[in-house]
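Here is the structure we will look at, set down as structure tokens.
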Amino acid sequence: MTRRLLSGVLMGLVVCLACNASAQSDSSQMATQVPAVSPPAPVTNLTAKDTENDHGHSITLRWTKSLDDGAGTGAVLKYDIYRHTTDGGPDSLVGFVASGESKWEHQGSREKEANDYIPDYTNFWYRVDAVTVDSSVRSAATVVGPVQSSGQWYNTGRTVVLIFVLGFGFATLFFVTHAKKGKDLYVRPLAGLEAVDDAIGRATEMGKPILYVLGLGTAADIATIASFSILGRVAKRVAENKTDLIVPCTDPVVFAVAQEVVRSSFLDAGRPDGYKEDMVYFLTQNQFAYVGAVNGTMLRERPATNIYMGKFFAESLLLAETGASAGSIQIAGTDEVAQIPFFVVACDYTLIGEELYAASAYLSREPLLLGSLKAQDLAKAAVLIIVAIGAVAINLDWPVFKELFKVVN
Amino acid sequence: MKQQLPIALVFIFGLFMVFQYFVPHETSEEAYEFLLDWIVIIGIFALGLGIWSLIKVNWDKIAEARRNNTREWFYPCVTMAGLLMIIIPGFYGTKDGVSGFYFLSSEGLQNSFFRQLFNYIIVPAQSTMFALLAFYIASAAYRAFRARNILSTLLLGAALIVMLRFNPYIGPLSPIFADMANWLLNVPNLAAKRAIVIGIGLGVVATAMKVVLGIERGYMGKG
Chain A
1 MTRRLLSGVL MGLVVCLACN ASAQSDSSQM ATQVPAVSPP APVTNLTAKD TENDHGHSIT
61 LRWTKSLDDG AGTGAVLKYD IYRHTTDGGP DSLVGFVASG ESKWEHQGSR EKEANDYIPD
121 YTNFWYRVDA VTVDSSVRSA ATVVGPVQSS GQWYNTGRTV VLIFVLGFGF ATLFFVTHAK
181 KGKDLYVRPL AGLEAVDDAI GRATEMGKPI LYVLGLGTAA DIATIASFSI LGRVAKRVAE
241 NKTDLIVPCT DPVVFAVAQE VVRSSFLDAG RPDGYKEDMV YFLTQNQFAY VGAVNGTMLR
301 ERPATNIYMG KFFAESLLLA ETGASAGSIQ IAGTDEVAQI PFFVVACDYT LIGEELYAAS
361 AYLSREPLLL GSLKAQDLAK AAVLIIVAIG AVAINLDWPV FKELFKVVN
Chain B
1 MKQQLPIALV FIFGLFMVFQ YFVPHETSEE AYEFLLDWIV IIGIFALGLG IWSLIKVNWD
61 KIAEARRNNT REWFYPCVTM AGLLMIIIPG FYGTKDGVSG FYFLSSEGLQ NSFFRQLFNY
121 IIVPAQSTMF ALLAFYIASA AYRAFRARNI LSTLLLGAAL IVMLRFNPYI GPLSPIFADM
181 ANWLLNVPNL AAKRAIVIGI GLGVVATAMK VVLGIERGYM GKG
């Protein structure tokens with residue numbers, strides 16, 4: 001009985017092993033039965049040139065796709081790019097692109113220590129292989145070269161920007177010179193700025209301070225620079241009216257500059273003794289900690305006027321709503337488009353976008369500064385005309401006009 | 001000299017920044033990066049000034065409160081305590097198995113007490129302040145959407161449509177809300193936004209030009 005059982009088990013094992021061997025044999029036959037892929041047509045018209053408008057260390061390859069890429073046998077899976085450091089010398093794979101592509105930039109590091117460093121002014125040769133699903137089946141294009149990479153001294157793709165900047169610069173200089181001659185320049189009234197004087201007067205009458213918030217921008221932001229100018233003029237009037245000023249800052253550089261601006265303004269107003277070190281102070285670089293501290297100041301000091309000028313983010317409404325609930329007159333100005341609605345809702349007066357930049361000229365009434373506003377108006381008229389022509393050109397399917405304004409970054 | 005030197009420096013570096021935009025060469029790039037590094041260096045020195053200002057202002061407040069015998073010393077004390085509580089653990093760490101104060105390396109940032117202060121006090125406090133925004137938006141919206149005149153009624157109508165479109169229960173019921181809201185956002189809203197952005201762009205260039213040319217000196221406190 002035991003013998004029968006053992007022989008049965010052995011038979012079963014033999015059958016299992018036989019079946020397994022048979023299955024393996026079938027799968028190996030299947031593998032050898034994959035139809036052989038024939039080499040695809042190679043890429044043609046391969047060119048290698050220095051990449052335009054760059055800092056160097058980059059070479060651009062262009063080619064006409066293989067006839068078997070997306071057409072013909074459709075066998076091309078990718079293109080392998082090889083580089084030779086000497087003519088006919090050994091090659092190395094430097095990159096690959098998927099089928100369908102006909103351009104590749106060999107961008108290298110400019111750091112000599114980096115693995116992908118490409119030295120400028122050094123000869124290289126390139127080759128592009130059309131590769132099939134079987135990577136050993138491929139077609140190589142003719143090697144092209146020599147080619148050298150080099151950096152350019154002028155970005156031709158930004159010519160349109162240069163023309164606009166020069167045109168705008170000349171217009172600014174023209175109007176500034178015009179203003180110097182004493183010509184009267186009309187500037188439309190800006191309610192927000194008209195209110196600054198009243199707001200300072202109100203603070204003086206109430207014997208309460210003015211809170212000036214420069215926003216969360218750094219000293220490198222143009223909005224903050226514009227805000228410094230406004231702060232200078234506000235501080236001058238504050239000094240003349242013998243009112244208190246509070247300027248809490250969130251950026252240490254902004255704090256250092258703001259302190260200097262306020263000190264100079266008090267000096268200019270002939271009241272250097274009125275300046276106190278603690279008028280301008282640094283709080284924190286943390287956005288919401290700053291909000292907490294400024295809101296606390298608003299609720300404790302109850303300033304008569306809050307002025308928010310500069311770059312603001314999520315804290316704009318937190319500050320403005322607290323100021324509104326504290327009963328302060330509020331004037332705001334920012335170039336952050338997303339924050340403008342919050343200020344419009346919560347503040348009494350809001351300078352929208354460019355009005356922030358016009359504020360300094362408007363408050364000082366200096367002809368030199370007013371002259372630049374005229375240049376801005378002229379530029380806006382030019383932009384309006386270009387937009388109108390552009391709309392017509394696009395609708396008439398006239399791409400030349402669009403191409404004129406193409407900027408390469 | 002005190003006036004002319006800053007103006008000359010602003011002119012030179014301002015002009016360089018303009019040219020740098022049009023010159024992609026690596027020499028220009030390296031000079032640009034070098035100047036950006038200086039921003040960080042100046043920022044670090046200015047941070048020292050900032051912390052000094054914070055300590056001085058709060059110390060003066062405490063001293064004044066003591067002189068006048070008022071209770072206004074409390075918040076400055078909290079600020080000073082907070083400053084010390086985050087600075088001291090921030091320098092205390094373990095390096096190569098040795099615990100101590102490391103002022104020239106960042107071991108202190110791995111200190112568990114410092115991390116707990118950050119994770120369980122600073123982060124929740126920040127989140128709380130940010131969350132308050134929802135209530136502030138509601139109160140601001142209530143004020144803004146009162147139908148006082150034709151313009152504010154239009155604003156109210158537009159806001160209602162956009163709010164209904166994004167309402168998870170009402171929005172999906174009808175494609176009309178989606179179409180109307182998309183039109184409002186993509187046509188009148190986008191047109192106004194672009195007009196503001198173009199104005200801002202021109203204002204930025206004009207202000208930068210005035211600063212570089214020394215016409216605008218307000219940033220030096222000179223009107």
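Line order of the protein sequences matches chains A and B. Once you know that position 372 of the first sequence is 372 in my numbering, the rest is easy, because the numbers rise by one and skip nothing. Once you know that position 166 of the second sequence is 166 in my numbering, the rest is easy, because the numbers rise by one and skip nothing. Where is the CB? At the ideal position from N, CA and C, for every residue including glycine.
For residue j and residue i, believed in contact at Cβ under 8 Å, the rounded distance
i	j	result
Tyr79(A)	Val43(A)	7 Å
Val257(A)	Ala219(A)	5 Å
Val261(A)	Leu231(A)	5 Å
Lys426(A)	Leu166(A)	Examination of residue 426(A) is not possible in this model, given that chain A is present from 1 through 409 alone.
Pro303(A)	Pro399(A)	Actually they do not touch by this definition, with Cβ atoms about 56 Å apart.
Val162(B)	Leu184(B)	6 Å
Ala269(A)	Ala226(A)	At roughly 21 Å, the Cβ-Cβ gap does not stay under 8 Å, so Ala269(A) and Ala226(A) are not in contact.
Ala130(A)	Pro40(A)	5 Å
Asp120(A)	Gly151(A)	7 Å
9 Å Cβ cutoff met for residue i and residue j
i	j	result
Leu67(A)	Thr47(A)	no
Val337(A)	Asn155(A)	no
Cys249(A)	Phe228(A)	no
Phe164(A)	Ile59(A)	no
Asn45(A)	Pro24(B)	no
Ala199(A)	Ile340(A)	no
Ala358(A)	Gly203(B)	yes
Met180(B)	Pro6(B)	no
Leu211(A)	Val294(A)	yes
Phe233(A)	Phe22(B)	Checking the sequence shown, residue 233(A) turns out to be Arg, not Phe. Going by C-beta atoms, Arg233(A) is not nearer than 9 Å to Phe22(B).
Val345(A)	Ala140(B)	yes
Gly323(A)	Asn306(A)	yes
Gly353(A)	Gly199(B)	yes
Phe177(B)	Leu164(B)	yes
Thr177(A)	Thr204(A)	no
Reference residue i, options the options, closest by Cα
i	options	result
Val212(B)	Ile12(B), Lys2(B), Leu5(B), Met1(B)	Ile12(B)
Lys73(B)	Gly82(B), Asp60(B), Leu84(B), Leu104(B)	The sequence given here places Trp at residue 73(B); Lys does not occur at that position. Checking every option, the nearest Cα to that of Trp73(B) belongs to Asp60(B).
Gly50(B)	Leu317(A), Thr284(A), Phe342(A), Val345(A)	Thr284(A)
Ala223(A)	Asp116(A), Phe313(A), Ala346(A), Thr85(A)	Phe313(A)
Leu368(A)	Ala140(A), Arg158(A), Val133(A), Ala171(A)	Ala171(A)
Val137(A)	Leu231(A), Leu77(A), Asn295(A)	Leu77(A)
Gly296(A)	Ile352(A), Gly192(A), Leu190(A), Ser325(A)	Ser325(A)
Gly88(A)	Thr142(A), Gly100(A), Val176(A)	Thr142(A)
Ile42(B)	Thr85(A), Val254(A), Ala304(A)	Val254(A)
Phe114(B)	Ile215(B), Tyr92(B), Phe103(B), Phe101(B)	Tyr92(B)
Tyr117(A)	Gly72(A), Ala140(A), Trp63(A), Gly56(A)	Gly56(A)
Ala98(A)	Lys65(A), Gly270(A), Ile389(A), Val161(A)	Lys65(A)
Trp63(A)	Val94(A), Ala71(A), Gly70(A), Gly100(A)	Gly100(A)
Leu133(B)	Ala203(A), Ser316(A), Lys406(A)	Ser316(A)
Gly218(B)	Ala239(A), Leu351(A), Ser364(A), Gly145(A)	Ser364(A)
Phe96(A)	Gly72(A), Ser109(A), Asp120(A), Tyr126(A)	Tyr126(A)
Gln49(A)	Lys181(A), Pro146(A), Ser109(A), Gly327(A)	Here the sequence assigns Lys to residue 49(A), which means Gln is not the residue at that position. Considering only alpha carbons, the answer is Pro146(A).
Element boundaries [alpha helix (DSSP H), containing residue i]
i	result
Asp80(A)	No alpha helix (DSSP H) contains Asp80(A), which is instead part of the beta strand (DSSP E) from 78-84.
Arg271(A)	Where Arg271(A) is concerned, there is no enclosing alpha helix (DSSP H), given that its DSSP letter is neither H nor E.
Trp38(B)	26-68
Ile385(A)	367-395
Phe130(B)	123-144
Lys210(B)	190-212
Residue i burial status per 10 Å Cβ neighbour count (16 or more: buried)
i	result
Ser38(A)	exposed
Tyr210(B)	In the sequence under discussion, the amino acid at residue 210(B) is Lys, which differs from the Tyr named in the question. When all chains shown are included, Lys210(B) counts as buried.
Val392(A)	exposed
Met30(A)	Here Met30(A) scores only 46 on pLDDT, less than 50, and its place in the model is too uncertain to base an answer on.
Thr207(B)	buried
Trp153(A)	exposed
Phe111(B)	Just to set this straight, residue 111(B) is Asn in the shown sequence, not Phe. Classification of Asn111(B): buried, given that the 10 Å Cβ count is 16 or more.
Ser135(A)	exposed
Trp52(B)	exposed
Arg148(B)	exposed
Leu396(A)	exposed
Gly274(A)	buried
Trp104(A)	buried
Tyr120(B)	exposed
Leu404(A)	exposed
Residue i, enclosing beta strand (DSSP E) - first and last residue
i	result
Trp104(A)	103-107
Ile118(A)	Neither: Ile118(A) is in no beta strand (DSSP E) and is coded neither H nor E.
Gly82(B)	Gly82(B) -> not in any beta strand (DSSP E); alpha helix (DSSP H) instead, spanning 74-91.
Val147(A)	144-147
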